[in-house]
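Here is the structure we will look at.
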Amino acid sequence: MTDNEEAYLEHQHYKKNRAMFEERLKTMSPDILKFEKIYQERLKMEVRKPSGLKIDNYLEKYKEIIYRYDFGDNWHFMITLEQVADDYYFGFPTLLDGAETAPPEDVGGIHGFYEFLEVYWDPNHSEHEDMKAWAESLGFREYDPDHINRMLKGINYKKTEWDKINHERYRIIEDKYRNN
1 MTDNEEAYLE HQHYKKNRAM FEERLKTMSP DILKFEKIYQ ERLKMEVRKP
51 SGLKIDNYLE KYKEIIYRYD FGDNWHFMIT LEQVADDYYF GFPTLLDGAE
101 TAPPEDVGGI HGFYEFLEVY WDPNHSEHED MKAWAESLGF REYDPDHINR
151 MLKGINYKKT EWDKINHERY RIIEDKYRNN
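In UniProt numbering, the protein residues as written are 1 to 180.
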């Protein structure tokens, strides 16, 4: 695991204070012991200091990545490599396909997300306006592949090979990977 500053710092704290954590298990009340054990198992996971990370070689070799996001809400996403595009000449990533809206930050896991959507989509709900304002403050938006691709253009991972792209003064004329 990498690229999570908070998890990295927690893991470092656990490594330095392992005996204290183990001792804590002996004095914990039985009703929360189960949760503490789960928490400590998470802390045992090796976490590297966040840095730039390229996953292309890993994905090409193993074909799948389990992406774990937000330890509190505990989201798990399976990312599967379906195909490698040998004729992609842009220096930034492009979303080719996707579906559904991503949950806002700290929504409370899958159950919280369902509750959020129920209130968010019901203009007659008493908390609808507050929920919309909260979601907007977090940058929540409906699934919009064009918006996602505009954002991805800012992530440069290699030099764009303009000599292999149909363009006029760097304005793309035709591209099978995105709407023009």
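Ideal placement from N, C-alpha and C gives every residue a C-beta, glycine not left out.
- With contacts defined as CB atoms closer than 8 Å, Leu95 and Pro145 qualify as a contacting pair.
- Under the DSSP assignment, Met151 falls in the alpha helix (DSSP H) whose first and last residues are 145-152.
- Residue Val107 holds the alpha-carbon nearest to the alpha-carbon of Ser137 among Ile148, Ile155, Val107.
- Take the alpha-carbon of Pro103 and the one of Pro30: they are about 33 Å apart.
- A straight line joining the alpha-carbon of Lys132 with that of Glu115 spans about 13 Å.
- Lys34 has its alpha-carbon roughly 45 Å from the corresponding atom of Lys153.
- Per DSSP, the unbroken beta strand (DSSP E) holding Trp75 starts and ends at 75-80.
- Nearest C-alpha to Tyr157 among Phe90, Phe140, Gln12, Asp130: Phe90.
- According to the DSSP assignment, Arg171 belongs to the beta strand (DSSP E) that extends over 171-174.
- Tyr69 is bridged by DSSP to Trp75.
- In this chain, the alpha helix (DSSP H) harbouring His13 covers 5-16.
- Looking at the DSSP output, His167 bridges to Ile172.
- Residue state for Glu100 is assigned as coil, using DSSP reduced to three classes.
- Separation of Ala99 and Glu23 (C-alpha to C-alpha, rounded to the nearest whole angstrom) is 46 Å.
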